[in-house]
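Counting with our numbering, you get residues 25 to 242 for the letters of the sequence shown.
Backbone N, C-alpha and C fix where the C-beta goes; we use that ideal spot for every residue, glycine too.
Worksheet: one structure, shown below.
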Amino acid sequence: MSERSELRVIRLLLADDHPVVRAGLRAVLESEPDFAIVAEAATAERAVELAAGAEVDVVLMDLQFGPGSAMNGAQATAAITARAGAPRVLVVTTYDTDADTLPALEAGATGYLLKDAPPEELAQAVRAAAAGRPALAATVADRLLERMRTPAAALSARETEVLGLVADGLTNQQISQALHLSQATVKSHLVHIYAKLGVDSRTTAVRAARGRGLIRRA
């Protein structure tokens, strides 16, 4: 039996709303002898559907989909990984803030990689995800380690979500409606955010969070 025939082929699903990105991923991944692209999805909903119905080992999942998708990548990841025997999910995105990484990892993503990663790093991450091992971009891993070192100063996923909406210009009332929280709870989150960031206003909180890579820059 040849060495090639002994390879375990890792079956991949590419989930990204940009055809050019999917084509680029396909071109890189198909050059590896142990990878097979078995499906593609242009929406998060289609990714969930294909992951449940096709023989897939790893889903390469974008985080942001266009207007044709009501779900984002983190929501799709949660839907995929909730099923018994589900494929692994490797997030491949351009965003590395806590506001992006925390929901994806909490949703069950095995790995988190940035789209500017070299081809060899992408291939290694796919193999690691297929084996159930974490594969994280260096910036993401560094930030997670920092959260572990100083847990008292780290914003929770919910606090990060609240602050992201503050950065979008939403009032406390609008945030409470968007997140289905009471206004008192929103205010409590803001008090904790200010204390952790060492600030005393919404504007300085947003500025500090952007400077630390907690939420996306405007």
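Exercise. Just tell me which of Ala-65, Leu-49 and Leu-36 has its CA closest to the CA of Pro-142.
Key: Numbered from its first residue, the sequence shown carries residue 142 at position 118. Out of Ala-65, Leu-49 and Leu-36, Leu-49 has the C-alpha closest to the C-alpha of Pro-142.
Quiz item: If we call anything under 8 Å between Cβ atoms a contact, is Ser-136 one with Ala-128?
Solution: Locating residue 136 in the sequence shown gives position 112, where the first residue counts as 1. Locating residue 128 in the sequence shown gives position 104, where the first residue counts as 1. Before going further, note that residue 136 is Tyr rather than Ser in the sequence given. Yes; because the gap between Cβ atoms is below 8 Å, this pair is in contact.
Practice problem: Using the Cα positions of Pro-43 and Ala-66, report the straight-line distance between them to the nearest angstrom. | Solution: As a working note, residue 43 is residue 19 in the sequence shown. As a working note, residue 66 is residue 42 in the sequence shown. Pro-43 and Ala-66: Cα-Cα distance of roughly 8 Å.
Quiz prompt | Ala-100 versus Asp-58 - alpha carbon distance | solution = By 1-based counting over the sequence shown, the position of residue 100 is 76. By 1-based counting over the sequence shown, the position of residue 58 is 34. The straight-line gap from Cα to Cα measures roughly 26 Å.
Practice problem: Taking the CB atoms as reference points, tell me whether Leu-138 and Thr-121 lie closer together than 8 Å. | Solution: In the sequence shown, residue 138 corresponds to position 114, counting from 1. In the sequence shown, residue 121 corresponds to position 97, counting from 1. At a Cβ-Cβ threshold of 8 Å, Leu-138 and Thr-121 do not count as neighbours.
Quiz item: By the 10 Å Cβ neighbour count, where 16 or more other Cβ atoms means buried, how is Thr-227 classified, buried or exposed?
Solution: By one-based count along the sequence shown, residue 227 stands at place 203. Exposed, because fewer than 16 other Cβ atoms sit within 10 Å of the Cβ of Thr-227.
Quiz item: Are the Cβ atoms of Ala-164 and Thr-134 separated by less than 8 Å?
Solution: Taking the first residue of the sequence shown as 1, we reach residue 164 at position 140. Taking the first residue of the sequence shown as 1, we reach residue 134 at position 110. It should be pointed out that residue 164 corresponds to Val in this sequence rather than to Ala. No, the pair does not count as a contact, with Cβ atoms beyond the cut-off.
Quiz prompt | Segment contact, 8 Å Cβ cut-off, at least three pairs: the stretch 60-74 with the stretch 160-176 | solution = Under the Cβ criterion (8 Å, minimum of three pairs), the stretch 60-74 does not count as touching the stretch 160-176.
Self-check item: For Arg-83: DSSP bridge partner residues
Solution: As a working mapping, residue 83 is identified with position 59 in the sequence shown. As written in the sequence, residue 83 is Val, which differs from the Arg given in the question. BP columns for Val-83 point to Leu-37 and Val-113.
Quiz prompt | Reduced DSSP secondary structure (H/G/I, E/B, other) of Val-62 | solution = In the sequence shown, the residue the question calls residue 62 occupies position 38. Here Val-62 sits in strand by DSSP.
Quiz item: For the beta strand (DSSP E) that contains Tyr-136, what are its first and last residues?
Solution: As a working note, residue 136 is residue 112 in the sequence shown. Here the beta strand (DSSP E) through Tyr-136 covers 135-138.
Quiz item: Does the stretch 168-178 come within contact of the stretch 78-85, defined as at least 3 CB pairs closer than 8 Å?
Solution: Because the criterion of three Cβ pairs below 8 Å is not met, the stretch 168-178 and the stretch 78-85 do not touch.
Practice problem: Determine the direct distance from the alpha carbon of Gln-197 to that of Glu-145, and round the result to whole angstroms. | Solution: Reading the sequence shown from its first residue, position 121 is the one you call residue 145. Reading the sequence shown from its first residue, position 173 is the one you call residue 197. Using only the alpha carbons, I get a separation of about 44 Å.
Quiz item: Alpha carbon to alpha carbon, how far is Ser-26 from Glu-54?
Solution: Working through the sequence shown from its first residue, we reach residue 26 at position 2. Working through the sequence shown from its first residue, we reach residue 54 at position 30. Note that Ser-26 scores a pLDDT of 46, beneath 50, so its modelled location is shaky and nothing firm can be said.
Quiz item: Which residues in the same chain have their Cβ closer than 8 Å to the Cβ of Gly-188, if we skip the five residues on either side of it in sequence?
Solution: Against the sequence shown, residue 188 aligns to sequence position 164. Correct list, in chain order: Ala-123, Ile-239 and Arg-240.
Quiz item: Going by the beta-carbon positions, is the gap between Gly-97 and Phe-89 smaller than 8 Å?
Solution: In the sequence shown, the residue the question calls residue 97 occupies position 73. In the sequence shown, the residue the question calls residue 89 occupies position 65. Yes, Cβ-Cβ distance for Gly-97 and Phe-89 is below 8 Å.
Exercise. Quick one: residues in its chain with C-beta nearer than 6 Å to the C-beta of Leu-168, no 5 flanking neighbours on either side, listed in chain order?
Key: Residue mapping note: residue 168 aligns to position 144 of the sequence shown, counting from 1. Contacts found: none.
Exercise. Decide if Ala-149 is buried, meaning its Cβ has at least 16 other Cβ atoms within 10 Å, or exposed.
Key: Numbered from its first residue, the sequence shown carries residue 149 at position 125. Looking at its Cβ environment, which holds 16 or more other Cβ atoms inside 10 Å, Ala-149 is buried.
Quiz item: Using a Cβ-Cβ cut-off of 8 Å (strictly less than) and excluding sequence neighbours within five positions of Asp-140, which residues of its own chain qualify?
Solution: Walking along the sequence shown from the start, residue 140 turns up at place 116. Hits under 8 Å: Thr-118.
Quiz prompt | Same chain, Cβ closer than 8 Å to Gly-92, neighbours up to 5 away in sequence not counted | solution = Locating residue 92 in the sequence shown gives position 68, where the first residue counts as 1. These residues qualify, in order along the chain: Asp-41, Ala-66 and Thr-67.
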